[in-house]
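*Asks:* What the sequence shown shows, in mature numbering (1 follows the signal peptide of the UniProt record, and there is no 0), is residues -24 to -1, 1 to 338, in sequence order.
Just so it is clear, CB atoms sit at the ideal spot from N, CA and C, and this is done for glycine as well.
Please see the structure below; I have some questions.
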Amino acid sequence: MTLSRRALIGAGLALAGCSGPSRAQPQDNGWRPDPRYLDNPPALKSIAPFGMGAAVQAGPLRDDPVFAALAARHYTQLTPEWELKMEYVVQPDGRFQFDRADAIAAFCRAHGQKLWGHTLVWYANIPDAFARLDESRASFGQAFDNYITATVGRYRGIANGWDVINEPITDEGGRLRDCLWSQKLGQVDYMRRALDVAHATDPSVPLLINDYDLETKPAKLAAYMRLVETLLKAGAPLGGLGCQTHISAGLPEGAMHRTLEALASFGLPIHLSELDVSLVPGRGAPANRPVAVARQAQVYHEVVEAFVGLPPQQRLALTMWGLRDSDSWLKREDASDAPLLFDDAGAPKPAFAAVAGTLQGR
């Protein structure tokens, strides 16, 4: 049976709650966010010394005033959650569909924000138009280049960076994924080619690789770092590192600091690109709900504290993977989850207070 990507991420999150001396589940350590941030919540973008982002979809931006107001008030950049992925952009006949990403870009322009490009090449997206291409390497490569050029070029001036390669490391860690792109263009060559073409199209923005479970799977983090080293030695225009940060309220204390310390060793900017903190016990959170909620706030504090501790030039941006709990992919997977900074109604939670307070050194 093939496991879904979400199930695999969940399995990685659950590792944080495994027994053993190095995986002992942390308990409530008594730290609490300042409740004053809930009574008078500041705009996150006004207190963050780096880019603050959120993943959004075009429909709620257009139709939901609460959603749109949160997006405009708190964030400097917006990431299309899925409407800039190949699954939406590349049509079966090979044409490109950009209407929803265009709508998000228009919202960004209207509110003085930037668009974060997510994502150009993902192993899990295999459009029919590419799968049916002639086996000729040149034909496939030409189509690959044309897609990247068209997509990056369309958002030049509004996009402030791209996740060029998404999730290139296997879930068990230790090796690169096998996919259509690697089969046709070479396992590392397709990544280098994508980075080169994107850079030629817009040399002004950072280009990243992006992956998850770097905090909970040492073998995967090591493989990710080997890939970074390989690409840099090959001269690829890699401009930053994406650490998705889909984690749980059971994340071991110190895990985020250790992960960011390792990634920062390359001297590249780092993007915490898909941050959420699950409360579901099966994903590694404490089974006691009040403890899990308290620990969630602590984890958000630790994540932001670790990111703030990076050299300023390496703090590219911190992006929440959704606005309200009701918008989260984790909530769609399990209705009991509440992984984000704002509740279903858009009210700030202790997790928000933790982030805001930590940004202001409290």
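So does the region 223 to 237 actually touch the region 198 to 215, counting three or more Cβ pairs closer than 8 angstroms?
*Replies:* No, because fewer than three Cβ pairs between the region 223 to 237 and the region 198 to 215 fall closer than 8 angstroms, the two stretches do not touch.
*Asks:* Would you mind working out which of K307, Q289, P315 sits nearest Q274, comparing C-alpha positions?
*Replies:* Of the candidates K307, Q289, P315, the one whose C-alpha sits nearest the C-alpha of Q274 is P315.
*Asks:* Hey, how far is the Cα of A321 from the Cα of R168?
*Replies:* In a straight line, the C-alpha of A321 is about 43 angstroms away from that of R168.
*Asks:* Cα-Cα, which of E63, A81, G137, A79 is closest to D104?
*Replies:* Per the Cα distances, E63.
*Asks:* Evaluate the contact criterion for the region 28 to 35 versus the region 67 to 80: three or more CB pairs, one atom per stretch, below 8 angstroms.
*Replies:* At 8 angstroms Cβ cutoff, the stretches touch.
*Asks:* Alpha carbon to alpha carbon, how far is R308 from L227? Give it in angstroms, no decimals.
*Replies:* The alpha-carbon atoms of L227 and R308 are separated by roughly 22 angstroms.
*Asks:* For the beta strand (DSSP E) that A135 lies in, which residues bound it at each end?
*Replies:* Here the beta strand (DSSP E) through A135 covers 135 to 142.
*Asks:* Do you know how far the Cα of P144 is from the Cα of K193?
*Replies:* The straight-line gap from Cα to Cα measures roughly 15 angstroms.
*Asks:* Can you list, in chain order, the residues of its chain with a C-beta nearer than 7 angstroms to that of F72? Leave out the 5 residues immediately preceding and following it.
*Replies:* Hits under 7 angstroms: V65, V66, A126.
*Asks:* To the nearest angstrom, how far is it from the Cα of W157 to the Cα of V140?
*Replies:* So the alpha carbons of these two residues sit roughly 13 angstroms apart.
*Asks:* Mind checking which residues open and close the beta strand (DSSP E) that includes P266?
*Replies:* That residue, P266, is in no beta strand (DSSP E); its alpha helix (DSSP H) goes 265 to 284.
*Asks:* Is the beta carbon of E250 sitting closer than 8 angstroms to the one on Q220?
*Replies:* Yes; because the gap between Cβ atoms is below 8 angstroms, this pair is in contact.
*Asks:* Tell me which residues share the same chain as V173 and place their Cβ nearer than 7 angstroms to its Cβ, disregarding the 5 neighbours each side in the sequence.
*Replies:* The answer, listed in chain order, is D121, I124, T125.
*Asks:* Do you know how far the Cα of Q159 is from the Cα of M281?
*Replies:* Reading the sequence as shown, one finds Glu at residue 281 and not Met. Going by the C-alpha atoms only, they are around 41 angstroms apart.
*Asks:* At which residues does the alpha helix (DSSP H) containing E63 begin and terminate?
*Replies:* Where E63 is concerned, the enclosing alpha helix (DSSP H) stretches over 62 to 65.
*Asks:* Check for me: the beta strand (DSSP E) holding W98 runs from which residue to which?
*Replies:* Taken as a continuous stretch (DSSP letters only), the beta strand (DSSP E) holding W98 covers 90 to 98.
*Asks:* Quick check on this structure: which residue in C155, P287, E278, I223 has the alpha carbon closest to the alpha carbon of R259?
*Replies:* Per the Cα distances, I223.
*Asks:* Select from I134, V97, V128, D75 the residue whose C-alpha is nearest the C-alpha of H87.
*Replies:* Out of I134, V97, V128, D75, I134 has the C-alpha closest to the C-alpha of H87.
*Asks:* If you compare alpha carbons, which of C84, L96, S312 is closest to A45?
*Replies:* Nearest of C84, L96, S312 to A45, Cα basis: C84.
*Asks:* Are the beta-carbon atoms of G215 and P257 separated by less than 8 angstroms?
*Replies:* Contact: no.
*Asks:* Within its chain, find whatever has a CB closer than 6 angstroms to the CB of D178; leave out the 5 residues flanking it on each side and keep chain order.
*Replies:* Here the set comprises V128, R132.
*Asks:* Where do the N-terminal and C-terminal ends of the beta strand (DSSP E) with L255 fall, by residue?
*Replies:* Looking at the DSSP string, L255 is not in any beta strand (DSSP E), and its letter there is neither H nor E.
*Asks:* Would DSSP call A30 helix, strand or coil?
*Replies:* Correct three-state label for A30: strand.
*Asks:* For the beta strand (DSSP E) containing D147, name the first residue and the last one.
*Replies:* Taken as a continuous stretch (DSSP letters only), D147 belongs to no beta strand (DSSP E), as it is neither H nor E.
*Asks:* Excluding the 5 residues flanking residue 361 on each side, which residues of the same chain have their C-beta closer than 6 angstroms to its C-beta?
*Replies:* This structure does not reach residue 361, given that the chain is present from -24 up to 338, and the question cannot be answered.
*Asks:* By a C-beta neighbour count over all protein chains shown, 10 Å radius and 16 as the cutoff for buried, is P326 buried or exposed?
*Replies:* Label assigned to P326: buried.
*Asks:* Please name the residue or residues paired with S224 in a DSSP beta bridge.
*Replies:* DSSP, once it has assigned bridges, lists S254 as partnering S224.
*Asks:* Pull up the distance between the alpha-carbon of N136 and that of L91, whole angstroms please.
*Replies:* Those two C-alpha atoms are separated by around 6 angstroms.
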